[in-house]
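Structure first, then comments.
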Amino acid sequence: MKEKLKLLSPAILLTALLVIAYCLLRYESDYLWKAQELNLHLDTPLFLKQQMVEAGGLLMWAGTWFTEFFYHAWMGVGLLCLWWALLMFVAGRAFRIPMKWATVLLVPVAALLVTDVDLGYWIYYLKLRGHFFAATIGTTAAVGSTWLFRLVPQRLFLRQAYIVVSTAVLYPLIGFYGLLSTLLMGVLAWRLDDMNRMQKVLTSLVAVLSIGVFPLFYYNYVFYQTNIVNIWWQGLPLFVIDQEYATYYVPYYILAGSLVAMALLYRRQPETQVKSPLKWGVCQVVLLALLVYGVNVSWYKNYNFHKELAMQHKMENLDWEGVREEAAVQDDEPTRAIVMMKNLALFRLGRQGDTMYNYKTGAKTSDAPFPVSMVEVVGIPLYFHYGQYNYCYRWCMEDGVERGWRAKTLKYFIRCSLVSGEPRVASKYINLLKHTRYHREWATRYEALLDHNKLQADPEFEPIIHLTHSEDVLSSDNTIVEKFLMTQFVNQSSPDTLYQEQAVYSALWTKDIATFWRNFFPYAQSHLGQRMPTHFQEAAFLYGNLEHQVDISHMPFDKGVVQTYNDLMKAAKECSYMNEEQMGHALYPRFGQTYYYEYYFIRNQKLY
Numbered sequence: 093m094k095e096k097l098k099l100l101s102p103a104i105l106l107t108a109l110l111v112i113a114y115c116l117l118r119y120e121s122d123y124l125w126k127a128q129e130l131n132l133h134l135d136t137p138l139f140l141k142q143q144m145v146e147a148g149g150l151l152m153w154a155g156t157w158f159t160e161f162f163y164h165a166w167m168g169v170g171l172l173c174l175w176w177a178l179l180m181f182v183a184g185r186a187f188r189i190p191m192k193w194a195t196v197l198l199v200p201v202a203a204l205l206v207t208d209v210d211l212g213y214w215i216y217y218l219k220l221r222g223h224f225f226a227a228t229i230g231t232t233a234a235v236g237s238t239w240l241f242r243l244v245p246q247r248l249f250l251r252q253a254y255i256v257v258s259t260a261v262l263y264p265l266i267g268f269y270g271l272l273s274t275l276l277m278g279v280l281a282w283r284l285d286d287m288n289r290m291q292k293v294l295t296s297l298v299a300v301l302s303i304g305v306f307p308l309f310y311y312n313y314v315f316y317q318t319n320i321v322n323i324w325w326q327g328l329p330l331f332v333i334d335q336e337y338a339t340y341y342v343p344y345y346i347l348a349g350s351l352v353a354m355a356l357l358y359r360r361q362p363e364t365q366v367k368s369p370l371k372w373g374v375c376q377v378v379l380l381a382l383l384v385y386g387v388n389v390s391w392y393k394n395y396n397f398h399k400e401l402a403m404q405h406k407m408e409n410l411d412w413e414g415v416r417e418e419a420a421v422q423d424d425e426p427t428r429a430i431v432m433m434k435n436l437a438l439f440r441l442g443r444q445g446d447t448m449y450n451y452k453t454g455a456k457t458s459d460a461p462f463p464v465s466m467v468e469v470v471g472i473p474l475y476f477h478y479g480q481y482n483y484c485y486r487w488c489m490e491d492g493v494e495r496g497w498r499a500k501t502l503k504y505f506i507r508c509s510l511v512s513g514e515p516r517v518a519s520k521y522i523n524l525l526k527h528t529r530y531h532r533e534w535a536t537r538y539e540a541l542l543d544h545n546k547l548q549a550d551p552e553f554e555p556i557i558h559l560t561h562s563e564d565v566l567s568s569d570n571t572i573v574e575k576f577l578m579t580q581f582v583n584q585s586s587p588d589t590l591y592q593e594q595a596v597y598s599a600l601w602t603k604d605i606a607t608f609w610r611n612f613f614p615y616a617q618s619h620l621g622q623r624m625p626t627h628f629q630e631a632a633f634l635y636g637n638l639e640h641q642v643d644i645s646h647m648p649f650d651k652g653v654v655q656t657y658n659d660l661m662k663a664a665k666e667c668s669y670m671n672e673e674q675m676g677h678a679l680y681p682r683f684g685q686t687y688y689y690e691y692y693f694i695r696n697q698k699l700y
């Protein structure tokens, strides 16, 4: 019976990894897709050299290599779980964790899992390359080095020499995790029976000096691209935007603390038998419950964040119907990014003029403790698909300079260069993407579009080219994507009918009567004899009745458009005793899908 209980711990470890893999694949597939899109690994010697200019370079190189596999979510998750299994094996050997207490090895794994799933909107702002694997690989290397330290015989100061050599080698390769290994060796020395007190003191002193000296040495004589403030933390992400957000470092504290605790509890001959199955079982249940609770609380599960990722994923695949379907199922007030992606999808599908207000609208703030800008979240694809390729290119460049080049930015560099008629520039970026594992096929397909005649017939580029038929200028958007796009469309003219259509949609957004008429008339003139979209009719009928400066008596309004307006005016009179907010709630079920409701009751939406 006791032997069976002892074997229960490894079964728990395997089950835990399977559950983690299931949860990641079930709930975070779009998140993992975005992680690899914001990643870049090139199979060139130059790329490796570029990583090695700072401490932890090899860690980042390896992290970006493994992150590529999230292109197939199941493959990336499988590799991540294999790394965690390896970490538990190495930690169990290094610290002699008895089989009956093997579940404690889930503590560092839980901390590493949280470092990946607690990011939320940080995924757009991270500067550390290969983040999703870096901590796992670094921790495994650190514990492995500690295991080797324990196996080194204690004679002729070999262990002390090993600490010096290990720190000198590991720090430039894996940064902070090399120093963590040194710390673990200094702590573990006090638990080794084959060392006397003087040797233990000497070992700890060597470890402390190594931690203090080697980062300074490499900073002064080897690495010149490191801020001296961060030399001891190289390989860790910096959670700094307008200020430092220290809460995100908590999983790293737990990770390091759990490993130090394992070193402190090391026993040369650990007890392997389960003497009290009941107490042992209670301890296992309590530990697992705490880990599940901690991971669940820390796991970032914001609804709108995941909705934005799902819509971006489908937008990247040009699945406009999929984007629309995502917007149709909205259980929370949407962010403006969700609303804009929905409008773009409807525009591509040719349904915006009749169904734009059939979906939940709103301007909910992104759920993050730091300021989130739409331009960082979805500004690049929005600018591109609305024909503003200069701004798309500009923000790709800003992102690359600030956070390093990514597969996403290289893809949009290629798209923008194709639209702007710069095939040689596009070829440069295409050749770079051909050195990636999973994006080379994408690059080859776009290489065929270097022929501008093929570009104009391509279903992705054809509508975008229509929207570029206006004055090509580059000013400042002040990071307010929505306002800038809408203002651009209403203030520039184009003979292209698709551009004119989008200009009218933008005029609806402004709720400015003069702006609407100025953009509506060119569109109406180019669509004589054709039915006007419902929301265009609603705006024309509303503005005609509000100011009476334009004769709308001869406009062919649908009967339903006129009747809905009259019903709204009547219902508003019946609700005159209510304030505006109460009236909006009362009238939404009947009129919420009209521009009339949008004009009167959707106000003061925050742009970001």
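Here the sequence shown stands for residues 93 to 700, numbered as in the numbering used here.
No residue lacks a Cβ here, since even glycine has one placed at the ideal position from N, Cα and C.
None of these values were measured; they are calculated from a predicted model.
Rounded to whole angstroms, the gap between the alpha carbons of Y521 and T156 is 19 Å. For G513, no alpha helix (DSSP H) run applies, since DSSP gives it neither H nor E. Contact between the stretch 195-215 and the stretch 379-397 is present, with at least three C-beta pairs closer than 8 Å. Following the DSSP letters along the chain, one finds M675 inside the alpha helix (DSSP H) bounded by residues E672 to F683. Annotated as distal: L441 and M448, with beta-carbon spacing of 8 Å or more. The stretch 231-247 makes no contact with the stretch 367-376: fewer than 3 CB pairs, one atom from each, lie closer than 8 Å. Linking K665 to V387 through their CA atoms gives a straight-line distance of about 53 Å. Taking the Cα positions, E630 is about 10 Å away from Y689.
Beta bridge pairing from DSSP links E336 with V332. Spatial neighbours of N450 in its own chain (CB-CB distance under 6 Å, excluding positions within 5 residues in sequence) are listed in chain order as Q685. Exposed is the label assigned to N658, since fewer than 16 other Cβ atoms lie within 10 Å of its Cβ.
Under a 10 Å Cβ-count criterion, K406 is classified as buried, with 16 or more other Cβ atoms of the shown protein chains found around its own Cβ. If you compare the alpha carbons of A518, T560, I556 and H558 with that of A540, the shortest gap goes to A518. Counting C-beta pairs with one atom in each stretch, the stretch 330-342 and the stretch 185-193 have fewer than three that are closer than 8 Å, which means they do not touch.
Shown here, E593 sits in a helix according to DSSP, grouped into three states. In its own chain, leaving out the 5 sequence neighbours on each side, no residue places its CB closer than 7 Å to the CB of P137. Taking the C-beta atoms as reference points, F608 is found nearer than 8 Å to L600. Per the coordinates, the alpha-carbon of Q317 lies some 44 Å from the alpha-carbon of P102. With respect to the 8 Å criterion, M433 and M403 are classified as neighbours on the basis of their beta carbons. Scanning V565, E563, N523 and K575 for the CA closest to the CA of Q697 turns up K575. Note that the C-beta distance between G184 and Y269 is not below 8 Å.
For M144, the secondary structure class from DSSP, reduced to helix, strand or coil, is coil.
Distance from the Cα of F309 is smallest, within the candidate group V201, A260, P343 and E490, for A260. For the stretch 263-303, the continuous alpha helix (DSSP H) assignments of 4+ residues that do not extend past its boundaries occur at 268-280, in sequence order. In the structure shown, I320 falls within a helical segment according to DSSP collapsed to helix, strand and coil. Distance between L132 and Y163, taken at the CA atoms: about 12 Å. When the beta-carbon positions are compared, L109 and A177 come within less than 8 Å of each other. Annotation for G492: T501 place their beta carbon closer than 6 Å to its own, counting only its chain and skipping 5 residues before and after. One Cα belongs to V298, the other to L347, and the distance between them is close to 23 Å.
Between A663 and Y669, the alpha-carbon positions lie close to 12 Å from each other. Q548 carries a helical assignment under DSSP once its states are collapsed to helix, strand and coil.
A residue is called buried once 16 or more other Cβ atoms fall within 10 Å of its Cβ, and H544, having fewer, is exposed. A straight-line Cα-Cα distance of about 21 Å links Y591 and S509.
For I430, the three-state secondary structure derived from DSSP is helix. With a threshold of 16 other beta carbon atoms within 10 Å, L679 meets it and is buried.
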